[in-house]
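S.K.: Protein chains in written order, with the working numbering: chain Y, 1 to 317; chain E, 318 to 536; chain W, 537 to 794. Glycine is no exception: its CB is placed at the ideal position from the N, C-alpha and C atoms.
Okay, structure coming up:
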């Protein structure tokens, strides 16, 4: 150490317990790794099991044919797959506008006490078991209509989407810095315009993400559909008729005594997993694509961002 | 950082006071040397002028440094006044040196047979210097203002002396060199009084932010 | 050298008091802001200068607890009259903020015209004209004329702030309020902004809040000193910084507090 005088005390560069501290470090690292593996393991097990049980049953017939009558071998889940898509689309017609507008209200219009109650209610409702939802809609819609229907199924899924989308929308809008709102208002832009065309537009990726995640969530709901959509062995032609859905079909087949139906249930479960995964991957693709340009600006307006910036690796989308 | 700046301002004030005190001593000594025909004192005054010159340089340097810190209001006026006052003090020092030189020369020669009112002229000039510097130290704007008309008296006295000496030179050509020395000394005293008046004007600016120079009808 | 200001008064403030809840942030401020001149507002943190600035275009109303007393007239029009909407006031009195905030989802050109488009202007040719005019006024045209469609956030910090100025100018306000516009910028960018302010005052009335007294001395014609919510002194900048009348002003300006 050049420059130290002879009288200065020598500072040890290596601690005496260095080896013990290194060992502790390695120990903790291993422990953390094992815990992480413990989390991923079940997921891998599920996927593996699904693939092994269901992959063989996936064929063209599965996607195009209706279920065969009881006892007969063969057939597919065409109507259930289509049914799931129809149900979540219809549910979005209710869930997305109400949820997004509700989120906008919570975020942008400050009535402190009212907003606090709305948020609290939304959070509670988010925790309500889905079967309860099914029973509510059963009582409110199925009984008066004297029958199960697509409408009822879409309604229950839509209702479940509302608090989810409302909260994610609100959170994402809150991430938009106040500076943008002020700048827009200072230009003499009306508040509602400012909210829609500046704030929501800036947070659009986040809003879409929230919607897609809610869709993925309700796509897999089974219990509420038991009381509302009920399931259908054939194609549905009217909204007032019951409709088949993947989770319902899987449930029915799984508890049946027929091996063929069990096989198809596995396949159905695999399809469902793929559907949900596809939505999630879509979300990642959407957000990562824009990450290098949008996210830093949402977090730090006024910060200079060069267009050549590389998106950081390993960060969540 | 403000502390640093305040320290700088204090340093400036101290240097000015020191320079003022040296200058006052120089004027007093040079007049004394002249009156008492003291050769050694005259030499001392000339040697001490270097110190006064160095003070001017130091004060100017410090003032420039302080200006980079962008002083405002009274601090700004202090810094600019310091530069002007140091310049005036340095000139007073130079005039004292001139008086000392003439004193040295005159002390080698027999005295001139003429009753001159030089002591009174010197006294007025000395008083003006002292009062101007006191006004600066006390930040007394009224005293500074009172000083300014006194310059006229000094000018008048100088003119009278000049006339008297001219007459004497015509009558006694052998005394011409010595009379010229006296004229220069008197002129220097008159200039010293002018510089004292300038200092008084700067004091008024420092205290009142009024610029009363050049007799313009303001303030 | 006395500032050559338009003789008219752009903003006449009379007895303005602003309360946030029970706390009085501004107390009975009365001041005349001269037209086509730069008025700087200085004072220590918490003296109310930002609140005062925001009261000039009713932006303080964004705080739900805000309460106002007193009157402000913009070229004779009462901006707080019952039938006057804040939106209208803000189109006549623009604002530039401390942290530049160009909208990230829009290009340079879109940012400049956002105030016009979101208020209904559709004419593409007119929008293009206003874009160029505003960017020229903000001394940014030459630097961005070849990348008007580039994302606004790809500009440097100083350019972004000038873009925000152009955005505010595109709406053609009469008064421009600037809340410490250069405090987040490096010295060179700051210089550009100050030069810009001196140019802009030929057409606009500018009110500039700054904590930097040298900036106020360089860029403004008049200076107002606020302390603890009160207007302590107001006058030509040169006088305020060479020989202020109030002792509190003198103390602040010479750095004895704040």
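Answer yes or no: does any C-beta atom of chain W fall closer than 8 Å to that of residue 206 of chain Y?
M.R.: no
S.K.: Can you tell me the Cα-Cα spacing of residue 494 of chain E and residue 419 of chain E, whole angstroms?
M.R.: 11 Å
S.K.: Please compile the residues from chain W whose C-beta is within a distance smaller than 7 Å of the C-beta of residue 390 of chain E.
M.R.: 777, 778, 779, 780, 786, 789 and 790
S.K.: Anything in chain W within Cβ reach of residue 526 of chain E, meaning under 7 Å, just list it in chain order.
M.R.: 778 and 779
S.K.: Under three-state DSSP, which class holds residue 609 of chain W?
M.R.: strand
S.K.: For residue 520 of chain E and residue 459 of chain E, which I take to be in contact (beta-carbon distance under 8 Å), what is that distance rounded to the nearest angstrom?
M.R.: Rounded, the Cβ-Cβ distance is 10 Å, inconsistent with contact.
S.K.: Near residue 17 of chain Y, what residues of its chain come up, given a Cβ to Cβ distance below 8 Å and the 5 sequence neighbours on each side ignored?
M.R.: none
S.K.: For residue 95 of chain Y, which residues from the same chain have a beta carbon less than 7 Å from its beta carbon, with the 5 sequence-adjacent residues on both sides left out?
M.R.: Only 158, 161, 162, 165 and 214 meet the Cβ criterion.
S.K.: Check each candidate in Y:108, Y:149, Y:66 and Y:120 and name the one with the smallest Cα separation from residue 181 of chain Y.
M.R.: Y:108
S.K.: What do you get for residue 145 of chain Y, buried or exposed, if any count of 16 or more other CB atoms within 10 angstroms of its CB means buried?
M.R.: exposed
S.K.: Apply the 10 Å Cβ neighbour rule to residue 35 of chain Y and answer buried if 16 or more other Cβ atoms are within range, or exposed otherwise.
M.R.: exposed
S.K.: In terms of residue numbering, what span does the alpha helix (DSSP H) encompassing residue 356 of chain E cover?
M.R.: Annotation for residue 356 of chain E: the continuous alpha helix (DSSP H) segment containing it runs 356-385.
S.K.: Express the C-alpha separation of residue 523 of chain E and residue 401 of chain E in angstroms, rounding to a whole number.
M.R.: 11 Å
S.K.: On the criterion of 16 or more Cβ atoms from any shown chain inside 10 Å, does residue 739 of chain W qualify as buried, or is it exposed?
M.R.: exposed
S.K.: Contact criterion: CB-CB distance below 8 Å. Does residue 394 of chain E meet it with respect to chain W?
M.R.: yes
S.K.: Given residue 680 of chain W, which residues of its chain have a CB within under 6 Å of its CB, disregarding the five upstream and five downstream residues?
M.R.: 644
S.K.: Specify, as a first and last residue, the run of the beta strand (DSSP E) that residue 766 of chain W falls within.
M.R.: 766-772
S.K.: Is residue 399 of chain E close to chain W? Criterion is C-beta to C-beta, closer than 8 Å.
M.R.: no
S.K.: Measure from the C-beta of residue 680 of chain W to each C-beta in chain Y and report whether the shortest distance is under 8 Å.
M.R.: Not an interface residue.
S.K.: Report back the beta-carbon spacing between residue 379 of chain E and residue 328 of chain E to the nearest angstrom; my notes put them in contact at under 8 Å.
M.R.: Between residue 328 of chain E and residue 379 of chain E the Cβ distance is about 6 Å, and since that is below 8 Å, they are a contact.
S.K.: Per the contact definition of three or more C-beta pairs closer than 8 Å, is the region 684-694 of chain W in contact with the region 606-613 of chain W?
M.R.: These segments do not touch.
S.K.: Please confirm if residue 453 of chain E has its CB atom under 8 Å from at least one CB of chain W.
M.R.: Interface annotation, residue 453 of chain E: not in contact with chain W, CB-CB separation never under 8 Å.
S.K.: With respect to the beta strand (DSSP E) encompassing residue 118 of chain Y, which residues constitute its N-terminal and C-terminal limits?
M.R.: Note, residue 118 of chain Y: premise wrong, no beta strand (DSSP E); alpha helix (DSSP H) at 112-126.
S.K.: Shortest alpha-carbon distance to residue 774 of chain W belongs to which of E:337, E:330, E:389 and E:368?
M.R.: E:389
S.K.: Mark residue 88 of chain Y as exposed unless 16 or more other C-beta atoms lie within 10 angstroms of its C-beta, in which case mark it buried.
M.R.: It counts as buried.
S.K.: Output needed for residue 302 of chain Y: all residues of its chain with C-beta closer than 6 Å, excluding positions within five of it in sequence on either side, in chain order.
M.R.: Residue confidence is low: residue 302 of chain Y scores 36 on pLDDT, short of 50, so the model does not pin down where it sits. No coordinate-derived value is stated.
S.K.: Where residue 655 of chain W and residue 555 of chain W are concerned, what is the direct C-alpha to C-alpha distance, given to the nearest angstrom?
M.R.: Looking at the two C-alpha atoms, the distance is approximately 31 Å.
S.K.: Using CA coordinates, which residue listed in E:354, E:526 and E:382 is at the minimum distance from residue 456 of chain E?
M.R.: The closest CA to that of residue 456 of chain E, considering only E:354, E:526 and E:382, is found on E:526.
S.K.: On the CB-based measure, 16 or more other CB atoms within 10 Å of its CB, does residue 24 of chain Y come out buried or exposed?
M.R.: Counting C-beta atoms within 10 angstroms of its own C-beta, residue 24 of chain Y has fewer than 16 neighbours from the protein chains shown and is therefore classed as exposed.
S.K.: Starting from residue 322 of chain E, find everything on chain W with Cβ-Cβ shorter than 8 Å and list it in chain order.
M.R.: 791
S.K.: Please state the DSSP three-state secondary structure of residue 729 of chain W.
M.R.: helix
S.K.: With 8 Å set as the bound, which would you pick, yes or no: does the beta-carbon of residue 197 of chain Y sit closer than that to a beta-carbon of chain W?
M.R.: yes
S.K.: Got a sec: is the Cβ-Cβ distance from residue 193 of chain Y to anything in chain W below 8 Å?
M.R.: Judged by the 8 Å Cβ criterion, residue 193 of chain Y is in contact with chain W.
S.K.: What does the Cβ neighbour count give for residue 619 of chain W, buried or exposed, with the cut at 16 atoms within 10 Å?
M.R.: exposed
S.K.: Skipping 5 residues on each side, what residues in its chain have a beta carbon closer than 7 Å to that of residue 356 of chain E?
M.R.: 421 and 424
S.K.: Within 8 Å of any Cβ in chain E, is that where the Cβ of residue 750 of chain W sits?
M.R.: yes
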